[in-house]
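Q:
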């Protein structure tokens with residue numbers, strides 16, 4: 002396989018796998034019970050996924066942990082764009098001081 | 004649940020407004036991903052095609068990180084599968100919200116189901132029925148920004164030399180924290196959040212690649228299922 006062909010094969014495989022994971026949920030949805038404990042698990046899913054994705058980065062060091070706390074406080078009262086600004090500015094400043 | 008019937012254009016505008024902060028926050032990531040891809044030997048056209056067909060930020064970052072020349076396509080596909088496994092559950096949850104979508108828009112919605120878009124769609128569905136106009140209004144600006152900025156990053160190269168020095172790497176974390184706030188339901192969410200975070204941090208410490216996302220989310224939803232159930236709500 003030439004390098005170009007390998008690159009295109011990788012891109013095609015990544016696209017196919019990504020679409021398959023996104024479509025699988027739609028195809029399986031009617032087999033998943035919509036009440037009781039399964040319903041509770043699905044309702045909890047958005048927060049669980051979002052937190053799992055960021056937890057390691059948000060706790061990588063003292064500066065990140067402190068910035069994460071400030072960002073959480075901001076998220077409880079400010080709109081999303083302001084929350085992002087608080088996160089970026091606070092982690093930049095805190096990394097200077099806490100390393 | 005209130006039903007606010009407005010024109011499709013107003014729905015689309017509401018979607019665009021809701022996604023705007025995430026669409027802005029994605030700009031530095033797109034530039035950085037594109038620059039990294041160029042460094043790994045991908046052309047701007049290849050990078051653009053990847054963004055336009057895969058459209059999954061975390062999977063693309065992971066893949067570019069693991070990229071070798073020539074590309075080990077099977078290993079890259081497996082890494083993509085691991086980091087995107089969460090989409091199976093996310094799709095199952097979103098499926099409950101797609102009652103107003105036709106067959107075509109349904110699959111288009113699934114193709115565009117990046118984390119941020121899925122999160123704003125789920126949040127919208129808590130307040131009023133999700134419409135294709137709102138969904139596409141939210142999805143298309145983010146999609147366009149992602150394709151354009153990753154391509155620009157690949158053409159411009161190392162424009163941002165050290166993204167961490169400017170805190171840009173933390174923008175992604177901040178967007179997700181802001182999105183979690185929209186799903187906050189008091190103590191239940193707090194317990195779920197602690198379980199997810201603990202599972203993800205432990206898995207990240209001891210396991211390679213993207214297992215931590217699947218394991219962390221799995222811990223969170225398991226705890227949610229095990230908590231004492233309230234009476235069935237609407």
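Residue numbers (my numbering), protein chains in the order written: chain A, 2 to 100; chain B, 4 to 237.
Glycine residues also receive a C-beta, built at the ideal position from the N, C-alpha and C atoms.
(1) Would residue 92(B) be called buried (16 or more neighbouring beta carbons within 10 Å of its own) or exposed?
(2) Step through the CB atoms of chain B and report whether any lies within less than 8 Å of the CB of residue 111(A).
(3) Is residue 77(A) helix, strand or coil by DSSP?
(4) Cα separation between residue 11(B) and residue 140(B)?
(5) Residue 16(A): buried (16+ other C-beta within 10 angstroms of its C-beta) or exposed?
(6) What are the boundary residues of the alpha helix (DSSP H) that residue 48(A) is part of?
(7) Would you give the residue range spanned by the alpha helix (DSSP H) that residue 67(B) belongs to?
(8) Using 10 angstroms around the beta-carbon of residue 53(B), count the other beta-carbons present and answer buried if the total reaches 16, otherwise exposed.
(9) I think residue 56(A) touches residue 199(B), with their Cβ atoms under 8 Å apart; what is that distance to the nearest whole Å?
(10) Between the beta-carbon of residue 195(B) and the beta-carbon of residue 227(B), is there less than 8 Å?
(11) Got a sec? Which residues, its chain only, sit under 8 Å from residue 71(A) by beta carbon, not counting five neighbours each side?
(12) Is the closest heavy atom of the ligand SAM to the C-beta of residue 71(A) under 7 Å?
(13) Between which residues of its own chain and residue 95(A) is the CB-CB distance below 7 Å, once the five residues before and five after are set aside?
(14) Using a beta-carbon distance below 8 Å, is residue 170(B) in contact with chain A?
(15) What are the start and end residues of the alpha helix (DSSP H) that includes residue 104(B)?
(16) Considering only residues of the same chain and omitting the five flanking positions on each side of residue 157(B), which have a CB-CB separation below 6 Å?
(17) Under 6 Å Cβ to Cβ from residue 19(B), same chain only, skipping five residues before and after it: list those, please.
A: Looking at the atomic coordinates:
(1) buried
(2) The question about residue 111(A) has no answer here: the residues shown for chain A are numbered 2 through 100.
(3) coil
(4) 9 Å
(5) buried
(6) 37 to 59
(7) 60 to 69
(8) buried
(9) 7 Å
(10) yes
(11) 87, 88 and 91
(12) Looking for the ligand SAM in the displayed structure turns up nothing, as the structure carries no ligands at all.
(13) 64, 67 and 68
(14) yes
(15) Taken as a continuous stretch (DSSP letters only), residue 104(B) belongs to no alpha helix (DSSP H), as it is neither H nor E.
(16) 37, 40, 41, 47 and 50
(17) 140 and 144
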